[in-house]
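Protein chains in written order, with my numbering: chain A, 154 to 482; chain B, 432 to 703. No residue lacks a Cβ here, since even glycine has one placed at the ideal position from N, Cα and C. Data first, discussion second: the structure below is written as structure tokens.
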Amino acid sequence: MSPTRTDAIGALGRTDEAAADIRSAAAPRPHGRRRGQRSRHWAAFAFLAPLIAYLTAFYAYPLYRNIELSVHDYTPRAFVQGNPRFVGLDNYLDIFTNDTFVQALRNTAVFTLGSIALQYALGLALAVFFHRNFRLAGVLRAMFLVPWLLPLIVSASTWSWMLNSENGIVNAALQAFGIGQINWLTSPDTSLLAVTIANIWLGVPFNLVILYAGLQNIPKDLYEAAGLDGATPWQQFWRVTVPLLRPVSAITLLLGLIYTLKVVDIIWIMTTGGPADASTTLAVWSYREAFGSGQPDFSPAAAVGNLLILIALVAGLAYVRLQRREDHR
Amino acid sequence: MTTHRPWWKTVLGIALTALMLFPVYWMFNVSLTRTRDMRADPPHWFPWDPTIEGYTAALDQQLPALATSLFIGLGTVVLTLLIGLPAGYSLAKLHPPGARTIDFLLLVAQMIPAVVMAMGFYAIYIRLGILNTVWGLIIADSTVAVPFAVLLFRAFIAGIPGDLSAAAQIDGAGNWRTFRSVILPLSRNSIITVALFAFLWAWSDFIFASTLSRNSDAIPITLGIFRYIGNNTTQWNSIMATAVIASIPAAFLLVLAQRFVAAGVTAGAVKD
Chain A
154 MSPTRTDAIG ALGRTDEAAA DIRSAAAPRP HGRRRGQRSR HWAAFAFLAP LIAYLTAFYA
214 YPLYRNIELS VHDYTPRAFV QGNPRFVGLD NYLDIFTNDT FVQALRNTAV FTLGSIALQY
274 ALGLALAVFF HRNFRLAGVL RAMFLVPWLL PLIVSASTWS WMLNSENGIV NAALQAFGIG
334 QINWLTSPDT SLLAVTIANI WLGVPFNLVI LYAGLQNIPK DLYEAAGLDG ATPWQQFWRV
394 TVPLLRPVSA ITLLLGLIYT LKVVDIIWIM TTGGPADAST TLAVWSYREA FGSGQPDFSP
454 AAAVGNLLIL IALVAGLAYV RLQRREDHR
Chain B
432 MTTHRPWWKT VLGIALTALM LFPVYWMFNV SLTRTRDMRA DPPHWFPWDP TIEGYTAALD
492 QQLPALATSL FIGLGTVVLT LLIGLPAGYS LAKLHPPGAR TIDFLLLVAQ MIPAVVMAMG
552 FYAIYIRLGI LNTVWGLIIA DSTVAVPFAV LLFRAFIAGI PGDLSAAAQI DGAGNWRTFR
612 SVILPLSRNS IITVALFAFL WAWSDFIFAS TLSRNSDAIP ITLGIFRYIG NNTTQWNSIM
672 ATAVIASIPA AFLLVLAQRF VAAGVTAGAV KD
């Protein structure tokens, strides 16, 4: 990178002075300038056009189709023939009165809040730990990224086998402490806990990396000053680190919230949302209705999906507002 | 601060890393365990008597799926770069009207759950007849990477000094030449970051694969593993061996491209 870049800057830098001369000579002609601006608008649009076409075709249109699905009664046959019955908001009313709804909402709250709270706490503790430089810190920190980089199917199937009731390593280890067999994935009491644990493991690296980057932006001399004033490391953490990390923390938590709301794969692979609905979140419910069985039921699935978007949007608007506020600082 | 580096922190750090990476070790361990030792009680903590039967079975059965995933990953990278680079250039340097709206749309786009996109794509693909094709999956997988790519390129290209493109234009270069001869060569690092992530996300995708290509002849590796678990709960060594093979791109990324990874994770989330 560095040689290429400096070469280019060096080579072009020389023509730059000449360029400035020509520009100042040309500037007083308003007519030419306006034409330049208009052609620049065209160029700007031309370069942006693929993205706009892409967003329209592959974001807006699928979303529109999804809304359409949710206000019709799509049977598998109507799907192919394209003549579904319009039912208005019936699908939405159906899901609100469905027994699964309350359970899924509760599970979503437990899964999401439990995940992001512990991911954040562990990520922050590790970030602070790695921030004090020690031998091998860089290598070890890099190793911590592994869970985040692995394909989800890999981590989910590994966790499934580790949590296996009879042959899993987790139960074998617990047995050494005299704790009897726990049916992690097959008991309604523990399946939500099991997928939450796996999800926390997956999310810690992301929190660690972002919070570590945030810590590095806190000026070192603040800690030195606090140290000179006699603040203990504990006090330094609460009086310097926590307040100065607040914006980064807020963004980390919000991103975590948005990502965790969408999670389907880890739960689906480990428990398929079961047993019964014990680990079914809203996203898993939507997936199960549409793709989980031989009988696809797209219309209620789309309604649940749209509800999920609504929840994510509320969180997202909070995120955008937060960013704006940071921008104005 | 202080320059002395206490050893106990390194020891603690190694212990924490070992704890964190235990599942990864366990995947390796199980992948080398013989089938008849699989249900040993207590489980073998180390494959004293390793076997490669898991790996031969995995390669035997999953090689086509690996090839499919490779193709889908590369296709996703190409599509993502083709859309993301010009858009990033336009937003960073050419000040198009409505840039703020695009920004907002890209942020919103990242919040849409994949399951919702999958249903929309399913409804569209079934009409177009591209359900169960790799092309359909490439398009769907790229929707994860494109918003990220545009925002990253935009931030990166905005950091390229304006003098450079101004100078090129005085030398007679149009916007296209400027883009090709000045912006693209200077964006090499951000292109690598985006390409790596686009590939990894497409390679790891499960939701689109399990919805848009579940009746396909050419299934990607994630779906291959999932079916493996469903059909075959006795041969966990083969399942874990496939998982190890499927993790190779991640390992590659970690060893050879770690700084690009860190740049990608923090991009957009932290500003200095």
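Among the residues of its own chain, which have a CB less than 6 Å from the CB of residue i, if the five just before and after it don't count?
i	result
ALA443/A	PRO449, PHE451 and ALA454
ALA172/A	Only weak support exists for where ALA172/A lies, its pLDDT of 37 falling under 50; the coordinates are left without a value.
LEU497/B	ILE652
ASP430/A	THR253 and GLN256
LEU298/A	PRO358
ILE514/B	VAL577
ASP342/A	none
Measure the beta-carbon distance from residue i to residue j and round it to whole angstroms, keeping in mind my assumption that it falls under 8 Å.
i	j	result
THR574/B	PHE211/A	6 Å
ALA540/B	PRO578/B	5 Å
PRO553/B	THR642/B	The sequence as given places Tyr at residue 553/B; Pro does not occur at that position. At roughly 6 Å, the Cβ-Cβ gap stays under 8 Å, so TYR553/B and THR642/B are in contact.
THR507/B	ALA629/B	5 Å
LEU461/A	PRO544/B	5 Å
ASN459/A	ASN219/A	7 Å
LEU525/B	PHE200/A	6 Å
ALA392/B	ALA672/B	Residue 392/B cannot be examined here, being either before or after the span of chain B that is shown, 432 to 703.
VAL263/A	GLY241/A	Not really, about 32 Å apart at Cβ, beyond 8 Å.
Shorter than 9 Å from the beta carbon of residue i to some beta carbon of chain E?
i	result
VAL224/A	This model lacks chain E altogether, as its protein chains are A and B.
Can you give the Cα-Cα distance for residue i and residue j, rounded to whole angstroms?
i	j	result
LEU562/B	PHE637/B	16 Å
SER678/B	LEU631/B	10 Å
VAL701/B	ILE363/A	For VAL701/B, the predicted model reports a pLDDT of 40, less than 50, meaning its position is unreliable; a value from the coordinates is still stated below. When rounded, the distance between both Cα atoms is 7 Å.
THR466/B	PRO495/B	24 Å
ALA580/B	ALA326/A	44 Å
ALA378/A	PHE683/B	42 Å
ILE656/B	THR425/A	15 Å
MET296/A	ILE419/A	21 Å
LEU345/A	PRO528/B	47 Å
GLN272/A	ALA549/B	28 Å
SER445/B	LEU398/A	Per the sequence shown, the amino acid found at residue 445/B is Ile instead of Ser. Near 26 Å, if we compare the C-alpha coordinates of LEU398/A and ILE445/B.
LEU485/A	LEU536/B	Nothing in the structure corresponds to residue 485/A, since chain A is present only between 154 and 482.
LEU463/A	ARG478/A	23 Å
SER316/A	VAL348/A	Note that residue 316/A corresponds to Leu in the displayed sequence, not to Ser. Cα-Cα distance, rounded: 10 Å.
ILE269/A	ALA633/B	25 Å
LEU615/B	VAL281/A	38 Å
ALA681/B	ASP480/B	27 Å
THR564/B	ILE570/B	10 Å
LEU685/B	VAL625/B	15 Å
PHE483/A	ASP382/A	A question about residue 483/A goes unanswered here, because the residues of chain A that appear run from 154 up to 482.
SER647/B	LEU568/B	11 Å
ARG182/A	GLY603/B	With a pLDDT of 43 at ARG182/A, under the threshold of 50, the predicted position of this residue should be treated as unreliable, though the coordinate-derived value follows. One C-alpha to the other measures close to 19 Å.
GLY356/A	ILE533/B	29 Å
LEU450/B	PHE283/A	16 Å
LEU303/A	LEU452/B	11 Å
THR209/A	ALA456/A	21 Å
ILE350/A	VAL233/A	41 Å
TYR214/A	TYR207/A	10 Å
Excluding sequence positions up to five away, which residues of its chain have a Cβ less than 8 Å from the Cβ of residue i?
i	result
VAL595/B	The question names Val, but residue 595/B is Leu in the sequence shown. Once the five neighbours on either side are set aside, the close Cβ partners of LEU595/B are VAL613 and LEU617.
ALA674/B	MET458, SER462 and ILE656
GLY605/B	none
LEU654/B	ALA496, PHE637, ALA640, SER641, SER644 and ARG645
LEU258/A	LEU435
TYR520/B	PHE584, ILE588, PHE610 and ILE614
Give every residue of the same chain whose Cβ lies closer than 7 Å to the Cβ of residue i, excluding the five residues on either side of it in the sequence, and list them in chain order.
i	result
THR311/A	none
ALA384/A	ARG392
GLN334/A	SER318 and ASN324
ALA403/A	LEU475
TRP301/A	LEU355, PRO358 and PHE359
_Runs of beta strand (DSSP E) wholly within the region 317-348 of chain A (minimum 3 residues, chain order)_ = Listed in chain order, there is nothing to give.
_Interface positions of the region 335-354 of chain A facing chain B (Cβ-Cβ less than 8 Å), listed along the chain_ = Flagged, chain order: TRP354.
_Interface positions of the region 296-317 of chain A facing chain B (Cβ-Cβ less than 9 Å), listed along the chain_ = Residues are counted here when their Cβ sits less than 9 Å from a Cβ of chain B; for the region 296-317 of chain A these are MET296, PHE297, LEU298, VAL299, PRO300, TRP301, LEU302, LEU303, PRO304, LEU305, ILE306, VAL307, SER308, ALA309, SER310, THR311, TRP312, SER313, TRP314, MET315 and ASN317, given in chain order.
*What residues in the region 477-491 of chain B bring their beta carbon closer than 9 Å to a beta carbon of chain A?*
Of all residues in the region 477-491 of chain B, none has a Cβ within less than 9 Å of some Cβ in chain A.
*Which whole runs of the beta strand (DSSP E) in the region 211-299 of chain A are 3 residues long or more, in chain order?*
When DSSP assignments are scanned along the region 211-299 of chain A, no uninterrupted stretch of beta strand (DSSP E) that is 3 or more residues long falls wholly within it.
*Of the residues that make up the region 430-455 of chain A, which ones have a beta carbon closer than 8 Å to any beta carbon in chain B?*
The region 430-455 of chain A vs chain B, Cβ under 8 Å: ALA436, SER439, TYR440, ALA443, PHE444, PHE451, ALA454 and ALA455.
*Segments of 4+ residues assigned as alpha helix (DSSP H) that fall wholly inside the region 513-579 of chain B*: Those alpha helix (DSSP H) runs which fall completely within the region 513-579 of chain B and span 4+ residues are 530-540 and 545-559.
*Which residues, in order along the region 249-263 of chain A, keep a beta-carbon less than 7 Å from a beta-carbon of chain B?*
Look at the region 249-263 of chain A: it has no residue with a C-beta under 7 Å from a C-beta of chain B.
*Determine which residues of the region 466-477 of chain A have a Cβ less than 8 Å from any Cβ of chain B, and write them out in chain order.*
Listed in sequence order: LEU466, ALA468, GLY469, TYR472 and VAL473.
*Members of the region 202-214 of chain A that neighbour chain B once the beta carbon cut-off is set at 7 Å*: Along the region 202-214 of chain A, going in chain order, the ones with a CB nearer than 7 Å to a CB of chain B are PRO203, LEU204, TYR207, LEU208, PHE211, TYR212 and TYR214.
_Every unbroken alpha helix (DSSP H) within the region 604-645 of chain B, with a cutoff of 4 residues, ordered by chain_ = Taking only runs of at least 4 residues, the alpha helix (DSSP H) segments lying wholly in the region 604-645 of chain B are 619-635 and 638-643.
*Check each residue of the region 389-417 of chain A: if its Cβ is closer than 8 Å to any Cβ of chain B, include it; give the result in chain order.*
Hits within the stretch, in order: VAL401, ILE404, THR405, LEU408, ILE411, LEU414, LYS415 and VAL417.
_By the 9 Å beta-carbon criterion, what residues does the region 535-552 of chain B contribute toward chain A?_
For the region 535-552 of chain B, the set of residues with a beta-carbon nearer than 9 Å to any beta-carbon of chain A comprises PHE535, LEU536, LEU537, LEU538, VAL539, ALA540, GLN541, MET542, ILE543, PRO544, ALA545, VAL546, VAL547, MET548, ALA549, MET550, GLY551 and PHE552, in chain order.
_Taking beta-carbon pairs under 9 Å, can you tell me which members of the region 461-476 of chain B lie near chain A?_
Look at the region 461-476 of chain B: the residues with a C-beta under 9 Å from a C-beta of chain A are VAL461, MET469, ARG470, ALA471, ASP472, PRO473, PRO474 and TRP476.
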